[in-house]
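Heads up: the structure comes next, in structure tokens.
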Amino acid sequence: MKSPTQRTDDTERWLSETIEAARRRIGDEVARRRVWARVEGLPAGQDRPLRRARALALPALTGALVAIGVVAILRMVPATRPTHAPVVSKRAPSATASVSQPRTDAARVVSPGASAAPVRTGRGEKARVALVGGVGVELDADSVLSWDAERRPLVERGQARFQVPHQAPGTRFAVSAGPYVITVVGTKFHVGVGDDRVSVDVDEGVVEVWRGARSVRLVEGDSWAGPMRGLAPPAVEHRPSLAGAFSRRTSSLADSPAPVENGPASMELTDARSAIREGRPEDALAMLSHCAKGGGPAAENAAYEMGRVLRDGLHRPRAAVAAWGAYRTRFPSGLLRAEADLSILETLAKLGDKAAALTEAEAFLARYPNSERRDEVAKLAARVRGAP
Amino acid sequence: MNQQNPAESPRPRPLAEDQALVERVRKGDTLAWRTLYERYSQPVFRFVSALGVPLEEREDAAQDVFVAIYRGLKSFRGEAQLSTWIYRIAARHASHLGRRRRMRSFLSLLPWQEAEPEPEPQPDPAEKASELRLLDRLLAKLSPKKRMVLVLFEIEGLGVNEIAQVMGCPPNTVWSRLRHARAELVRAARRITR
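As structure tokens, then:
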């Protein structure tokens, strides 16, 4: 049995060693690359990430406080009305009034008790609707806002601009528009419903447009439009594209067919990562494959991550090696080149392909003479050489 | 643990090199920005991990830190080391996220919450060592300020004067927090290994 002194020494030694290991802790290289893909454009004036982060920070707290107050009130009032019961104020249009900066006008306020009825605006008339949870809706002229069977706000006709505070974890605010459901965590967006199409423009944050099991994810600055009828089935269920035209307002190629842009592509990478965590490697691979067909850092990351999914998720190490090989061919000086080289080397060693692994190890040592992982590779090469 | 007196022996840092780098980034040099990212992204990721930012929030946290760095470079006057300044930004952001997590867990206790439960934190696949996860659990038992001092001193290797700049408190306070944090960490480790 150990004495108390001995035990103390053991504990402190363990702490020292573990802290030393924490100093050497190397994070997920791919995660670092993903972040790089999002921040690399900052010197070129692409400051979207900051605006998104700022936009969500304050509303997270205010939304929570508003929600506490509103829910406390709702608990006291037995309600038979829709979940997102509105308080409506209408105002006449004026030459100076702007939809994005509406005037406060309490001229016609409809009490919550009478709010199950749809909110309609006539020609030249606009309305502001306050929904439970701090959601604000600005209803344009000649529009109708009502509630669907699941008590979600439904834009029946016309134009509506939504401002949604950041939602509590695990909850999402949803709006119906024709056959689509638009879900958000916290954002500002605009929904338009015409006779033959639905359109969504995102001013801040992220929204998802769903139709059945298919969805498209839009980030700040994205515009999307989809038909009311005749939706063509996508090739992949989780493919982030509906039949609608997917465009970026700031792009000069706004009318060209769906290019893979950095913003949506980054979100696609995030979705793919979620799919991996949720045990859906096939879906992840499909998303990564789609993303890799585009350009920029997101495509590079996706091309590399395909190898990881093939090896670790689908247990196809040979296919993984081929995927990383394709990455090297396409991005010979890519940021993840060293990671791809190492991944190929490790996988070949595990497969027992001694000759190929040694060739890779020697090439790595020659290519990266000052790499911090040089020792690791040298040890691996020695192990492979020593293997029977 | 770190036996040296880092207040007297700070790690040598290329001040002029960092200043030149900052100047180039300010002028919109994308290669300089990439160099800055390459130099500091690993410490930022490691730092926010050690401060308890969960895996699923780490990328967003690092992104926000680098956006703040980029924006702040315009007003960076070089009065502190660039690394100290970056740690300060990361520390502020990690503290903010910590407060938000605590608020979320408080809100989740309220009876009106019908939201889905938060998912279990995911272990970092890059961190295979269970010892590191155990260390994270022990660090989580410290108060946020003590944890930050301990992480900056023991893991990030900053000197006490630098930590004082990062945290905006006197060096004596740093020493005091460090002493208490070490004692608490050892006590917590002893309880687990008993």
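So the protein sequences, as listed, match chains A and B.
Take the first sequence: its letter number 166 is residue 165 in numbering that gives the first Met the number 0, and every next letter is one higher.
Take the second sequence: its letter number 2 is residue 1 in numbering that gives the first Met the number 0, and every next letter is one higher.
Built from N, CA and C at the ideal position, the CB exists for glycine as well.
None of the values given here were measured: they were computed from a predicted structure.
Under the 8 angstroms Cβ criterion, the region 59-77 of chain B does not count as touching the region 144-164 of chain B, having fewer than three qualifying pairs. Judged by DSSP in its simplified three-state form, B:E78 adopts coil rather than helix or strand.
The three-state secondary structure of A:L144, taken from DSSP, is strand.
Looking at the DSSP output, A:R31 sits in no beta bridge, so it has no partner there. Taking each of A:P42, A:G123, A:R127 in turn and checking the Cα distance to B:R23, the smallest one comes out for A:P42. Under the 10 Å beta carbon count, B:I88 is surrounded by 16 or more other beta carbons and is classified as buried. DSSP places A:G191 within a strand segment (E or B) once states are collapsed to three. Per DSSP, reduced to three states, the secondary structure at B:D17 is helical. From the listed residues B:Y39, B:M102, B:F44, the smallest Cα separation to B:S82 is found for B:Y39. Boundaries of the alpha helix (DSSP H) harbouring B:Y39: 29-49, taken from the DSSP string.
Between B:V47 and B:A31, the C-beta spacing is not below 9 angstroms. Non-local beta-carbon contacts of A:A355 in its own chain, meaning distances under 8 angstroms to residues more than five positions away in sequence, involve L347 in chain order. A:T120 carries a coil assignment under DSSP once its states are collapsed to helix, strand and coil. Around the beta carbon of B:I162, a 10 Å sphere encloses 16 or more other beta carbons of the protein chains shown; the residue is thus reported as buried. Not a single CB atom of chain A sits nearer than 9 angstroms to the CB of B:Q18. Per DSSP, reduced to three states, the secondary structure at B:F65 is helical.
Scanning chain A for C-beta atoms nearer than 7 angstroms to the C-beta of B:I154 yields I18, A21, R22, reported in chain order. In this structure, A:A36 keeps its C-beta atom at 9 angstroms or more from the C-beta atom of A:E338. DSSP places A:F363 within a helical segment (H, G or I) once states are collapsed to three. With respect to chain A, the C-beta atom of B:A90 has no partner C-beta closer than 9 angstroms. Distance from the CA of A:L313 to the CA of A:A274, rounded to the nearest whole angstrom, comes to 13 angstroms.
Using a C-beta cut-off of 8 angstroms, the region 5-21 of chain A makes no contact with the region 304-319 of chain A, since fewer than three inter-stretch Cβ pairs fall below that distance. Excluding sequence positions up to five before and after A:L335, its CB lies within less than 8 angstroms of the CB of E28, V29, R32, E299, N300, Y303, Y326, all in the same chain and listed in chain order.
Ranking A:R382, A:E124, A:D374, A:V38 by CA distance to the CA of A:G351 puts A:R382 first. Within chain A, no residue has its CB atom less than 8 angstroms from the CB of B:W84, the nearest being about 17 angstroms off. Only residues of its own chain outside the window of five on either side were considered, and among them V47, A60, D63, V64, A67 have a CB closer than 8 angstroms to the CB of B:H92, listed in chain order.
Using beta-carbon distances, B:A180 does not count as an interface residue toward chain A, since no partner is under 9 angstroms.
Counting along the chain, A:S342 sits inside no beta strand (DSSP E); it lies in the alpha helix (DSSP H) bounded by residues 336-350. For chain A, the residues of the region 51-82 of chain B that bring a beta carbon within less than 8 angstroms of one of its beta carbons are R57, E58, D59, A61, Q62, D63, F65, V66, A67, Y69, R70, in chain order. Between A:V197 and A:A173 the beta-carbon gap is near 14 angstroms, outside 8 angstroms, which marks them as no contact. Close partners of B:W32 in chain A (Cβ separation under 9 angstroms): V38, E39, L41, P42. With a threshold of 9 angstroms between beta carbons, A:R31 makes contact with chain B. DSSP, reduced to helix, strand and coil, places A:G324 within a helical segment of the structure shown.
Residue-level contact check: A:E11 touches chain B, since one or more beta carbons of chain B fall below 9 angstroms from its beta carbon. The beta-carbon of B:V148 is placed no less than 9 angstroms from the nearest beta-carbon of chain A.
The beta-carbon of B:Q164 is placed no less than 9 angstroms from the nearest beta-carbon of chain A.
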